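So the protein lines, in turn, are chains A and B. Each residue of the first sequence is one higher than the one before, counting from 950 in our numbering. Each residue of the second sequence is one higher than the one before, counting from 7 in our numbering. For each residue, glycine too, the CB sits at the ideal point set by N, CA and C. Keep in mind that this is a model prediction, so the values were computed, not measured. This report concerns only the one structure given below.
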Amino acid sequence: METTDKIVKMLEAILLFAAVVGIILFLASRVRGKKGDKAVAALFLLPTAVMVLVGLVYPGARTIYESLFDAAGSTFIGLDNYQTIFTSSDQLTVLRNTVLWVVVTPFVATAIGLLYAILIDKARIEAFAKALIFLPMAISFVGASIIWKFVYEFRPEQGDIKQIGLLNQVMIWLGFSPHQWLINSPGNTFFLIIIMIWIQAGFAMTVLSAAIKAIPEDIVEAARLDGVKAIGMFRFVTVPSIRPALIVVLTTIGIGTLKVFDIVRTVTGGQFDTSVIANEFYSQSFRSDNQGLGAALAVMLFLLVIPIVVYNIRQLRSAEAR
Amino acid sequence: MALRLSRPPKPLHLIALGGALTFTLAACGGSSSPSATGDGAGDGASASGECAAYSQYGDLKGKTVSVYTSIVTPEDTPQIDSYKPFEKCTGATVKYEGDKAFETQVLVRAKAGNPPDIAYVPQPGLLAQLVSTGKAVEAPKEVSDNVDKFWSKDWKGYSTIDGKFYGAPLGANFKSLVWYSPKMFKDKGYQIPTTLDELQALSEKIAADGKSKPWCAGIASGEATGWVITDWMEDMMLRLSGPEEYDKWVKHEIAFNSPGPTAALDKVGSILKNDKFVNGGLGNVKSIATTTFQDGGLPILDGDCYMHRQASFYAANWPEGTKVAEDGDVFAFALPGVTADSKPALGGGEFVLAFSDRPEVKAFQTYLSTDTWANNKAKASPLGGWISANKGLDVNNLVSPIDKLATSVLQDPNAVFRFDGSDAMPAAIGSNAFWKQATSWITGQSTKDTVDKIEAAWPK
């Protein structure tokens, strides 16, 4: 397709979109009567409902269906793919890594973000300090992974060969010998997790800092009059006040971590026992040509995300109700 | 693995990244492919001598053939240039689309009913998968005849499925090469080994002689990390067990953990997992796992390493200004066989698979299977880095000494050629378990565990 063709196609699509929206608006304007409001609401919901059906429900159902079939997608094999996930040693490593990721990343990233937010709160260089830790957030996962890949880069200690990795150079300055950080499992997964924490701590810090600033001054004042010290202040005032924000941050990072793919794929490609569910799903579906297992892994991911989402929504609701 | 970069990006990651960006940009700009729809196209065909060879294709004025391949910048320019005589003489237009994600996308496109007219498939395994979608069409008789005429018999077998022949080979690459520095060899008085035993003896000698280690290697390649070892193992399998056993191994008629393959991997281990032999200029055995395959042979230039086994495409990987020739900075010798007169050759290549039988597609397919095209392609590659097993290819049209060496081996009637075995294995093995376990093997897993695990992963 030539470029001009593509632009024409794009314009057509925009026109089509405008036309559909126009028709819906027009129909909505013609609806009158007692049940008018409901009809209008239904009409407005229609495009969203259609898109959710086509873009989410159908592919989701289809993936679940395909996860019950073999590699070629032709023979029904029941729950064998799920059995593989929970029995084969490779897949168990994948599960173990995913658990490590989900357990470590959200808490550490949130803790660092929270600590940082409190430390720099009302400091003179607050804006600058915030920008500093927020910057990694602006870097794509792949970009960050490439940066950290260089940090972990290894060169042997022989002759006049120079280290090009920051971490190994630091090791040498400290009098140690360089180390291959990424090849020994399960330690290597932690070196990958650090990348995610580096990215997400900024996000946690921003949200939590805003929440801290929103704590009513009178509560802080009252606590102070009661003689609460810094640690007590943190425990009994700050944390309870920003609890909803903390949960949002934890769950958001948790969901993002469950789906982590770019970091693993860029830094190790899932080698050296560092694969996680999302990466394994891709490898199985597109590289290994095992669609059934790939679909089963996708379903697993979906199942694991659901409880976090449910918890998140319930917490938000109870916060609103208060 | 059939390296989709028959000529990989320059060693540094940064440059590779830059290259990737360029690819992306190129891909975004729409196919700015050649539309040299020739002036007065069809009429030229009948008359001038230049176009005489193309008259068989008839007048294809206004017809378009779409080609989808894994060959991207900078390799695509010589490809596109080599179609120009065809376009000029027949009036057809060839729309060329190179895609780094070809290997996954072509399957998606075929399954979705949106295949290109022609795809260059770099692996027999993938070719079989594409044929099983039911969208591919058999090669026309002209192509079949050309392949009988210009290629040795085994090549035809790779794209023959259930007795039906689907596509002619296009380019090739030659994997059984050992890179070395002619100057270092000369200074030390080392001779190029002619048997595997001599190679082993030479390695021992180098290890005993000096500070530099005999071998250097690197297997890191993103998610494909490990493929370098699969090539090593195939080379050793072909040498130690012979071509018949090799074929059985690839087809899984013998188990992956049977004695032959186990011995082959052990043989590789006698070099790659031997701390006396590796990893020249790069560290210990484990450093092989994290050194990129592009960087694996570079210590030869610094005198830190004597030998590096890698395919012919590695010629493009030496830094600019490196003279690749028998009297230059680096050159290669064919990895020897068990005896001096056995010439096992491991290699790879692409196959031209068509998804349409329109006359212009057939014509283009036929053109690609001729000696005319092979020589046009050679002439259109002023920088070298391209070879073919087409016997009609005149070696003198190739510019680089390494291409000449590789082609002469591929065309040698005594050579026993075998296609890269991991490419013909099922994807679950050839592009997953084999790579993964080979990587674990180099970082410490035993040979037995390695072959057992690969055998266990073989799709039932």
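In chain order, what residues of the same chain lie with their CB nearer than 7 Å to the CB of residue 449/B, ignoring the 5 residues before and after it?
292, 295
Mark residue 1027/A as exposed unless 16 or more other C-beta atoms lie within 10 angstroms of its C-beta, in which case mark it buried.
exposed
Quick one: Cα of residue 1352/A to Cα of residue 1245/A, how far?
Residue 1352/A lies beyond the stretch modelled for chain A, which goes from 950 to 1271, so this question has no answer here.
Would you say residue 1220/A reaches chain B, if we count a Cβ-Cβ gap shorter than 7 Å as a contact?
yes
Please report how far the alpha carbon of residue 118/B lies from the alpha carbon of residue 1000/A, in whole angstroms.
21 Å
Could you spell out where the beta strand (DSSP E) holding residue 313/B opens and where it closes?
311-315
Using 7 Å as the limit for Cβ to Cβ distance, is residue 142/B near chain A?
no
Which two residues bound the contiguous beta strand (DSSP E) that contains residue 70/B?
70-75
According to DSSP, simplified to helix, strand and coil, what is residue 63/B?
helix
The alpha helix (DSSP H) with residue 965/A in it runs from where to where?
952-979
By a C-beta neighbour count over all protein chains shown, 10 Å radius and 16 as the cutoff for buried, is residue 1125/A buried or exposed?
exposed
Would you call residue 137/B buried or exposed, if buried means 16 or more other Cβ atoms sit within 10 Å of its Cβ?
buried
By the three-class DSSP mapping on this structure, what secondary structure does residue 1026/A have?
coil
Hey, does residue 1181/A have any beta-carbon neighbour from chain B nearer than 7 Å?
no
Anything in the segment 450-465 of chain B with a Cβ closer than 7 Å to a Cβ of chain A? List those residues in chain order, please.
465
Pull up the distance between the alpha-carbon of residue 76/B and that of residue 356/B, whole angstroms please.
10 Å
Give the range of the alpha helix (DSSP H) segment to which residue 427/B is assigned.
427-430
Span separating the alpha-carbon of residue 47/B from that of residue 69/B
With a pLDDT of 40 at residue 47/B, under the threshold of 50, the modelled position of that residue is not reliable, and the figure given next carries that caveat. Each residue's Cα considered, the two are about 11 Å apart.
Nearest by alpha-carbon distance to residue 1144/A: which of 1093/A, 1151/A, 1181/A, 1010/A is it?
1093/A
Among 187/B, 376/B, 129/B, 92/B, nearest to residue 66/B - alpha-carbon criterion
92/B
Kindly list, in the order they appear in chain A, the residues whose Cβ is closer than 7 Å to that of residue 288/B.
1105
Out of 414/B, 390/B, 396/B, 350/B, state which residue places its alpha-carbon closest to the alpha-carbon of residue 201/B.
350/B
Locate the beta strand (DSSP E) running through residue 521/B, then write down its first and last residues.
Nothing about residue 521/B can be reported from this structure: the residues present for chain B run from 7 to 466 only.
Go through the segment 281-336 of chain B residue by residue and report every complete run of the alpha helix (DSSP H) that reaches 4 residues or more, in order.
293-296
Strictly under 7 Å for the Cβ-Cβ distance: is residue 27/B near chain A by that measure?
Residue placement at residue 27/B is poorly supported in this model, since its pLDDT is 40, which falls under 50; the coordinates are not used for a value here.
Tell me, please, whether the segment 1132-1141 of chain A touches the segment 1206-1226 of chain A by the rule of three or more beta-carbon pairs shorter than 8 Å.
yes
The beta strand (DSSP E) spanning residue 1017/A covers which residue range?
Premise fails: residue 1017/A is in no beta strand (DSSP E) and is neither H nor E.
Three-state secondary structure assigned by DSSP to residue 424/B
strand
Just how far apart, CA to CA, sit residue 160/B and residue 126/B?
19 Å
Using 7 Å as the limit for Cβ to Cβ distance, is residue 1045/A near chain B?
no
For residue 257/B and chain A, any beta-carbon pair shorter than 7 Å?
no
Skipping 5 residues on each side, what residues in its chain have a beta carbon closer than 8 Å to that of residue 1162/A?
1070
Residue burial classification, residue 463/B (beta-carbon count within 10 angstroms, cutoff 16):
buried
Which of the residues in the segment 264-294 of chain B, read from start to end, lie with their CB under 9 Å from any CB of chain A?
285, 287, 288, 289, 290, 292, 293
Should residue 1074/A be labelled buried (16 or more other beta-carbon atoms within 10 Å of its own) or exposed?
exposed
At a Cβ threshold of 7 Å, is residue 106/B touching chain A?
no
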